[in-house]
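Here the structure comes first, spelled out in structure tokens, and everything after it is commentary.
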Amino acid sequence: MAAIHAAQAGVRVALFEKNSFCGKKINITGKGRCNITNTRPWTEFAPHVHPVSAFLRSAFYHFSNEALLEMLHRIGLETVVERGERVYPRSMQARDVSKALTAHALALGVEILYDCEVLRVEPAPDALCCTLALSQPLLRTETVRAEAVIVATGGLSYPSTGSTGRGYEIARDFGHSIVETFPSLTALMPEHYDRDLIGIELKNVALQLFIDRDPVQLEEGEMAFTDGGIEGALGFRISRKAVAALRRKQRVEVVLDLKPGLSMPQLEARLDRELAALHATREELGATKLKALLQTLMPGRLIAPFLHANPDLNGRNLARRLKEWRWRIVGHTGYERAVVTAGGVSQKELIAKAMRSRLNDRLYFAGEVIDLDGDTGGYNLQIAFSTGALAGASAAQQILKQRAGKPA
Ligand SMILES: Cc1cc2nc3c(=O)[nH]c(=O)nc-3n(C[C@H](O)[C@H](O)[C@H](O)COP(=O)(O)OP(=O)(O)OC[C@H]3O[C@@H](n4cnc5c(N)ncnc54)[C@H](O)[C@@H]3O)c2cc1C
27 MAAIHAAQAG VRVALFEKNS FCGKKINITG KGRCNITNTR PWTEFAPHVH
77 PVSAFLRSAF YHFSNEALLE MLHRIGLETV VERGERVYPR SMQARDVSKA
127 LTAHALALGV EILYDCEVLR VEPAPDALCC TLALSQPLLR TETVRAEAVI
177 VATGGLSYPS TGSTGRGYEI ARDFGHSIVE TFPSLTALMP EHYDRDLIGI
227 ELKNVALQLF IDRDPVQLEE GEMAFTDGGI EGALGFRISR KAVAALRRKQ
277 RVEVVLDLKP GLSMPQLEAR LDRELAALHA TREELGATKL KALLQTLMPG
327 RLIAPFLHAN PDLNGRNLAR RLKEWRWRIV GHTGYERAVV TAGGVSQKEL
377 IAKAMRSRLN DRLYFAGEVI DLDGDTGGYN LQIAFSTGAL AGASAAQQIL
427 KQRAGKPA
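Okay, so the sequence shown: first residue is 27 according to the working numbering, each after it adds one.
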């Protein structure tokens, strides 16, 4: 997106990509369907942006979700809006998004060099100097001078897609500070995790996060148990704060409410009705009737782990246990499977209206390499697209201004 917007503004653009094609990460987004963006207006979009959304505001208004969709439609990519204002390509093929963007960049004259890793970027008189490692057709290094460089190397998540953190080194070489990075939108591992839970998905449940015994976040929706622990939409949403707290060595707990739609008295009343139907009472609830009762309250596969976690379960404490299934969280999945990297190039050292470095006016940053990340729901790609578009347009504008100011 940065290359597209710089080329549109009338400068010559080269895009250095270390993979043999563009958009390797895009291709695996949204479970291969690519949740391109979210149609919410800024006021509703901003709360999903971390750590501080104000930094993104100018970029969002420069190239908003609406502008993105208008552009995608113009270049032939049809989209559909699903639940939660999430936008997907109509084809439901993430590859179509990366293909469309790559084709558009090429059509605008962007020169794309594949299998080309940027090793270093250094200041040079009236320019920046990039040292490149090219692996095709022969392994060699080359140096390229550029009037401006936009670093859009991503974070550290899913390094197999190419994002291995080189952008942080480039930023550091210019004196930039990197806000400590950590995996976000990642699975949380409960203590004594019952592996029978793996594969179970729950809908219409609530998950509350406690840090040092204080409630800090409550989310409702869908969650999943995987080999990594608690994830799915709810797990991911609470993971940012949970991982940050684990790194600070704080006590992290989550409480699952299997019946968030019912208050305690309403749930007690529902249990009374179910018990009556089973000809049972709270006092006389044998193992068979208890299991039959649980069948009416949760997915069948969840019953065994629920009973395992509550060995003293009875008719009196059942409602409370259904609303308060508590786990201590002792770990989380790392970058290899985290959707996004929190932390990165400090917002304070970037000019938000241009995505330009305050330390070198030829250096720009865009996307996940910046200390900027979003919740699941299309926010992260929109962050990358908005900051990319702004970085591209500002870099081009600055170059053209500098050229105009120079004697011929
Ligand atoms: C499994 C998964 C699913 C996701 N699903 C969604 C989703 O549905 N919706 C959403 O909004 N977000 C989603 N995200 C997050 C989103 O994909 C990222 O936030 C976004 O791609 C970041 O864009 P970026 O351009 O900053 O970095 P990246 O997409 O990581 O791109 C960085 C590029 O730079 C290249 N590169 C890195 N270093 C160098 C170097 N030194 N030289 C040359 N090239 C280099 C890499 O090869 C890569 O192609 C998902 C992420 C993952 C991992």
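Using N, Cα and C, we set each Cβ at its ideal position, and we do this for glycine too. Values in this document were obtained by computation on a predicted structure and should not be read as measured data.
Relative to ligand 1, the beta carbon of V170 is positioned no closer than 7 Å to any heavy atom. Straight across, the Cα-Cα distance linking A380 with E148 is about 20 Å.
The C-alpha of K51 is placed about 11 Å away from the C-alpha of V123.
Nearest C-alpha to P77 among F208, G431, D387, E310: F208. Less than 8 Å divides the Cβ of V280 from the Cβ of I264. In this structure, the beta-carbon distance from F81 to L407 does not fall below 8 Å. With fewer than 16 other Cβ atoms inside 10 Å of its own Cβ, M290 counts as exposed. If you look at L158, you'll find it in the beta strand (DSSP E) that goes 153-160. For K317, the uninterrupted alpha helix (DSSP H) segment begins and ends at 313-321. Apart from the 5 residues on each side of it in sequence, A415 sits with its Cβ closer than 6 Å to the Cβ of M27, H31, F89 in its chain, given in chain order. Taken through DSSP and simplified to helix, strand or coil, H76 comes out as strand.
D401 sits buried, since 16 or more C-beta atoms from the chains shown fall within 10 Å of its C-beta. Excluding its 5 nearest sequence neighbours in each direction, E375 has C-beta neighbours in its own chain below 7 Å: H202, S203, S383, R384, L385, listed in chain order.
For the beta strand (DSSP E) assignment, the uninterrupted runs of no fewer than 3 residues enclosed by the segment 89-138 are, from N- to C-terminal side, 105-108, 112-115. In the three-state scheme derived from DSSP, where H, G and I count as helix and E and B as strand, V278 is classed as strand.
Proximity of the beta carbon of I52 to ligand 1 is indicated: a heavy atom of the ligand is located closer than 7 Å. A residue is called buried when at least 16 other Cβ atoms come within 10 angstroms of its Cβ; G431 does not meet this threshold and is exposed. Note on geometry: alpha-carbon atoms of T105 and Q119 lie some 11 Å from one another. A contact is defined here as three or more CB-CB pairs under 8 Å, and the segment 133-145 meets this definition with respect to the segment 32-45. Here L235 is bridged, per DSSP, to Q243, V280. Annotation: the continuous beta strand (DSSP E) that includes R171 extends over 166-172. Taking the CA atoms as reference points, I425 sits about 46 Å from E245.
In this structure, E248 has its CB at a distance of at least 7 Å from all heavy atoms of ligand 1.
Assignment of I62 by DSSP, reduced to helix, strand and coil, places it in the coil class. Residue L297 holds the alpha-carbon nearest to the alpha-carbon of A345 among L328, V170, G287, L297. Straight-line spacing of the CA atoms in R429 and R59 works out to 43 Å. The Cβ-Cβ distance between A33 and V144 does not fall below 8 Å. Nearest in C-alpha terms to S412, of all of T190, E394, Q423, A126, is E394.
The beta-bridge partner set that DSSP reports for R354 consists of E279.
In the same chain as Q423, and ignoring 5 residues on each side of it, the C-beta atoms closer than 8 Å to its own belong to A35, in chain order.
Relative to ligand 1, the nearest heavy atom lies less than 7 Å away from the CB of V365. In the structure shown, the three-state DSSP call for R308 is coil.
Assignment of beta-bridge partners to V37 by DSSP yields no partner. DSSP places T252 within a strand segment (E or B) once states are collapsed to three. If you look at F391, you'll find it isn't in any alpha helix (DSSP H); it sits in the beta strand (DSSP E) that goes 389-391.
Residue burial is scored here from C-beta neighbours: T212 has at least 16 other C-beta atoms within 10 angstroms and is therefore classed as buried.
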